[in-house]
Amino acid sequence: MSTKRPKSTTTTSKGKDKKADESSAGSVAGSGHPNDILPLTLTSATQELFGCRCDEDVTGDNPYKILRKEDIVQDMRMRAAVSDFSPMKQLVLDYPEDELLLVYDRDFIYGSSFYLVLTADAKERHLKPVVALGVEVALEREPSEVFATQKTSEPQPWISLGSEQEIEEESVTDSRPRLKYRISRVRREFGAPIFFSDRNAMETKDGFIECTPYQDKNFSLKQMERHTGVQTIPNLKSSSTQTQWTYPRSMCTQYEPREFSEEKKENCLQSEKLKNFVNSVASRFEMAIQQNEIMDVFFDDWKALSEEDSGYGRKADPHLKEYQSFTDLHFSKEKTISNINWHPTINGVIAVAVTERLSFEDRINGSTKLLLNPSLILFWSFSDPINPQLLLECPDDVFSFEFCPSDPNIIVGGCMNGQVVLWDISTHVEQLQGTRTSGGKNIAANTNALQGFEDKRENETPVVRYCAVSGIENGHKAPITDIQWLPGTFEVSRMGVPMENKNGICVQIVTCAPDCCVMFWDIRAPRVLQTMADQRKQKVEEKPLENPHGVPNTFKHLDLTWKPLIRVSLPKIDTSGEYSPLKISLRDNTCDNHTGSNADRAHLNAERSEVAPEYALLRVPSAKQLKPLEDICTRLYAGTEDGELVYTDWKLEKDNDSGRLFSAKPSHRFIIHDGQVNTVRRSPFFKDIILTVGGWTFAIWKEGVTNGPIIQSSCSQKKCTVGYWSQSRPAVLFIGKEDGNIDVWDLLEKTHEPSQTQNITATQITCIKPWIVSSKQHLLAVSDHLGTLHILEIPWTLRSPSSNEKLSMSKYFEKEVDRLVYFEKRREMRAKEKKDYEAEELRKKTEPIIPEKQVEQILEEAMKEYEDYLSLERVILKEMGLLPDTDKVDI
Amino acid sequence: VTVLIHHCILYKKAEVEETLKRIQGQKGVQGIIIVNAEGIPIKTTLDNSSTVQYAGLIHQLVMKARSTVRDIDPQNDLTFLRVRSKKNEIMIAPDKDYFLIVIQNPSD
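Written out as structure tokens, the structure is:
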């Protein structure tokens, strides 16, 4: 319509009636109510009639009631003047609409309980006041700028919502009026002096008020929350435990390697795979082996060079230096030394066999005198060059003797009368050992103490009598020239078959003599087939026998009844008769290596530390109990009186007819020397190399080579009387001469003459024996015909081997063997050639003379040859396919 | 010409014995042993105890050497092994099924 009056805010419809808006509208009626409403009072009957009873149909909350105009008109007609609506009859009739609004005025704002809204606009306004406001305000703002009369909101009175209560509580106000006191001092005390005094606060009660501290529980806070970091780690636990060790138990396992049976091996060998494998692999091997052969890549040439150099520096004196010499005026006067032996275990003790220096005839003539002068073996010690330490008494002159290798207290010797003698020096061994160390001091010490008692022993050299001697009938008939112990590794049975030696010690001896016999002796008691009773009786009888002459009972069982085990004869090969051996050499022997190093001797000493075996209790076992040894060589070399070297087998054979045991004929015999063979010795480095010395020459043989000696020296000016290999150098040997010279032969240096010659003594040298005391000291014992024993020291050049000396020597020997073989072959070849030549000659003589050919014949033959040649050429060309095409048709 | 080829084949398939003799005849060769893959000797020129000892010990050594070579390079394989000592040289040629051991003393 025209002006739309902004409505005043009607706030909440909660009851508070805000009809003041009508008044603000401006056109306020004078009566206090606006024009378009008419206050009226309605009776309760009217109220009931129109359904607008107070506080029932219309309330404060719902004050509006819509009345129909017709109803009002009707009411007015019916009740005319009584009707409440009569004053406004005209107004009602003028009302344009059908319905009129009746508003309950509860608070009597317009003076009556109800009022009637007269205009439709007002009705509209009443019914829709609030909504219209908001909408109208919104509507007002946007479209119209015209409304300059926008009124700012006026301040409204404070509507309290209760917040001032809190403020009131907080504010401090006097709850009661303040009390006022006035305190003043008495006037007369103004300005008076003041007196202070002390007063202990503790005296009076309540003198002080203290505020004791106390633990206020309010402040002991329990920390309910705590902020910490945590890290997880693996759980480590270290602990130990001990196992119970009950008892040790020894256990062992025996196993053997897996092997194939023979058939399986055969199968494998035949298989194709193996063939292929071997063929493929062989070439690699051949290459490798050839490489090795061509050159040894790992050989240190530099080092090898230096070894030779060190030799040159010390080459000062190659001569044998005299170390000591022994001679005894009493015992060896007018005598000669036949044999020397170093004591195997005691250092510095050497034994010599002293024999008469008489010819056979003189012996016979002076035999009575000889009987009074017993023959002796002297023991010399380095500590005492004048007096021998020990004397061994012999029944007759001893030409050879040996220490037992397994028991150096036992010495066996062979006498001139063919007897074999045994000594036991165990009682005197300490004395021998004792005197070794500084004999001079010993004497001095002894002279101080107990002179009266010691004298006798010192001045007299002890004499040991032989404890057993062989029976004369069964022994040799000629002086025993060679005697050796058999090694303790085997023993020989009655048939000569080598058996295993259960004793482990040397129990057998082999001897030879020019009576053409080689004999084997056993130092054990022979197996006696007796009953037990007899044996016991014999033993009982033996005990009360005392030791005559202080001779030990070691070999009592042998004394005077000793018989040889085997007697080997050496029948001549071609003729009848026998060879007479002077020296023998067995392959497994104890002689050639017994001058061994300290290690061997220590070993020997260790073995000997056990109690010396009771020889009397040993018995010769039956041959059936022992096992024969296969690898012992039963052949021996024997050098004879006639300068021959005989190679024979000692095994006895049984003659089927007579049942007697006899020796087979020697297999080989070599005539080589011009005089008696005085030395047959094997090299300590090569078991099959033998040295023989005799006459004016010496020869070296190889066992198995039967053509002859592989080396033979030229004839020397003087007779060679003895020879010996060097113990430390394979290529060196010593030859003793008739004139007292020692020839040192170094076979690698020169073989036509000795490397050096040195004169030792004026007379013939009878024996040479080297000995290795230590690596720095090698000694050579040389005895001469006058009975003097010389000890010489071998210089460095002669005792230290050059590099590969053994190898070189073995190569040299091989070469010599090849030479021999070659010579043999050549000889045969020459013989054959000669034969062929002679046959040829013979044939030529007996052939008929062929007539000369004619010239035409020759021409004819030439033509024919040419034709043949042409055809041959054709054939070849055809085969090779080189012929021209035309010829192919000819086929 | 066909005759010639046939002859070659025959020559190549030489007997095991001959080949071994040829190797044995070389200078310084002390012994030959043929061992199968498990270490059991099949043929030997030495005595039994030495053979068995050599076979057992060398078999282990060859296995070790071969595994070493093959670990480094799986395409590779051991063809020949030479063990040089002060006194002699041991040469071993391994194969799939067998190996051949030769002991030589080169300075002889």
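Going down the list, the sequences are from chains A and B. Numbering (the working numbering) for the first sequence: 262 to 1152. Numbering (the working numbering) for the second sequence: 3 to 110. The beta carbon of each residue, even a glycine, is placed where N, CA and C say it ideally should be.
By DSSP, does residue i sit in helix, in strand, or in coil?
i, result
"aspartate 743 of chain A", "strand"
"alanine 1023 of chain A", "coil"
"valine 829 of chain A", "strand"
"isoleucine 672 of chain A", "strand"
"glycine 695 of chain A", "helix"
"methionine 65 of chain B", "helix"
"glutamate 425 of chain A", "helix"
"glycine 58 of chain B", "helix"
"tyrosine 365 of chain A", "strand"
"asparagine 707 of chain A", "Because asparagine 707 of chain A carries a pLDDT of 40, less than 50, the predicted location of this residue cannot be relied on, and no value is offered for it."
"proline 889 of chain A", "strand"
"lysine 265 of chain A", "Its pLDDT being 47, under 50, lysine 265 of chain A is placed unreliably by the model, and the measurement read from it follows with that caveat. Residue state, collapsed to three classes: coil."
"proline 348 of chain A", "helix"
"arginine 329 of chain A", "strand"
"lysine 594 of chain A", "coil"
"phenylalanine 538 of chain A", "helix"
"valine 690 of chain A", "helix"
"tyrosine 516 of chain A", "coil"
"asparagine 968 of chain A", "coil"
"lysine 817 of chain A", "coil"
"phenylalanine 480 of chain A", "helix"
"isoleucine 750 of chain A", "The sequence as given places threonine at residue 750 of chain A; isoleucine does not occur at that position. Here threonine 750 of chain A sits in coil by DSSP."
"tryptophan 419 of chain A", "coil"
"methionine 463 of chain A", "coil"
"glycine 291 of chain A", "Any reading at glycine 291 of chain A needs caution, since the residue's pLDDT is 43, under 50, leaving its predicted position unreliable; the model's value is listed next. Coil."
"leucine 546 of chain A", "Checking the displayed sequence, the identity of residue 546 of chain A turns out to be phenylalanine instead of leucine. Correct three-state label for phenylalanine 546 of chain A: helix."
Can you check whether the C-beta of residue i is within less than 8 angstroms of a C-beta belonging to chain D?
i, result
"tyrosine 56 of chain B", "You won't find chain D in this structure, because its protein chains are A and B."
Counting along the chain, where does the alpha helix (DSSP H) carrying residue i start and finish?
i, result
"arginine 1087 of chain A", "1066-1107"
"tryptophan 911 of chain A", "Per DSSP, tryptophan 911 of chain A belongs to no alpha helix (DSSP H) and is neither H nor E."
"glutamate 523 of chain A", "523-531"
"valine 1136 of chain A", "1116-1141"
"threonine 21 of chain B", "18-26"
"arginine 726 of chain A", "No alpha helix (DSSP H) holds arginine 726 of chain A; DSSP gives it neither H nor E."
"phenylalanine 664 of chain A", "Taken as a continuous stretch (DSSP letters only), phenylalanine 664 of chain A belongs to no alpha helix (DSSP H), being part of the beta strand (DSSP E) at 659-664."
With a Cβ-Cβ cutoff of 8 angstroms, do residue i and residue j count as a contact?
i, j, result
"serine 731 of chain A", "glutamine 680 of chain A", "yes"
"threonine 722 of chain A", "isoleucine 744 of chain A", "no"
"asparagine 602 of chain A", "lysine 1030 of chain A", "yes"
"phenylalanine 1204 of chain A", "alanine 614 of chain A", "The shown model of chain A, from 262 to 1152, leaves out residue 1204 of chain A, and the question about it has no answer."
"arginine 896 of chain A", "threonine 909 of chain A", "yes"
"valine 779 of chain A", "leucine 843 of chain A", "no"
"lysine 582 of chain A", "proline 1056 of chain A", "yes"
"glycine 41 of chain B", "alanine 57 of chain B", "yes"
"methionine 337 of chain A", "lysine 326 of chain A", "no"
"leucine 1050 of chain A", "isoleucine 672 of chain A", "no"
Since residue i is in the beta strand (DSSP E), which residue starts that stretch and which ends it?
i, result
"tyrosine 376 of chain A", "375-378"
"serine 305 of chain A", "Premise fails: serine 305 of chain A lies in the alpha helix (DSSP H), 305-311, not in any beta strand (DSSP E)."
"threonine 901 of chain A", "896-901"
"threonine 616 of chain A", "610-617"
"threonine 1058 of chain A", "Where threonine 1058 of chain A is concerned, there is no enclosing beta strand (DSSP E), although the alpha helix (DSSP H) it sits in stretches over 1057-1060."
"arginine 942 of chain A", "938-943"
"asparagine 626 of chain A", "Element bounds for asparagine 626 of chain A: not the beta strand (DSSP E) but the alpha helix (DSSP H), 621-626."
"cysteine 777 of chain A", "Here cysteine 777 of chain A belongs to no beta strand (DSSP E), and DSSP marks it neither H nor E."
"cysteine 981 of chain A", "981-986"
"alanine 95 of chain B", "91-96"
"glutamine 32 of chain B", "31-38"
Please tell me whether, using a cut-off of 7 angstroms, the distance from the CB of residue i to the nearest non-hydrogen atom of the ligand SAH is below it.
i, result
"asparagine 968 of chain A", "The ligand SAH is not part of the structure shown, which contains no ligands of any sort."
If contact means a Cβ-Cβ distance below 8 angstroms, which residues of the region 31-42 of chain B contact chain A?
Val31, Ile36, Asn38, Glu40, Gly41, Ile42
Would you list, in chain order, the members of the region 78-97 of chain B that have their beta-carbon closer than 8 angstroms to a beta-carbon of chain A?
Thr81, Phe82, Arg84, Arg86, Glu91, Met93, Ala95, Asp97
Please name the residues in the region 541-569 of chain A whose beta-carbon is closer than 8 angstroms to at least one beta-carbon of chain B, in chain order.
Result list: Ser541, Val542, Ala543, Arg545, Phe546, Glu547, Ala549, Ile550, Gln551, Asn553, Glu554, Asp557, Phe559, Phe560.
For the region 499-520 of chain A, which residues have a beta carbon sitting closer than 7 angstroms to at least one beta carbon of chain B?
Pro518, Arg519, Glu520
Please identify, using Cβ separations under 7 angstroms, the residues of the region 521-541 of chain A that lie next to chain B, in order along the chain.
Phe521, Lys526, Cys529, Leu530, Lys534, Leu535, Lys536, Phe538, Val539, Asn540
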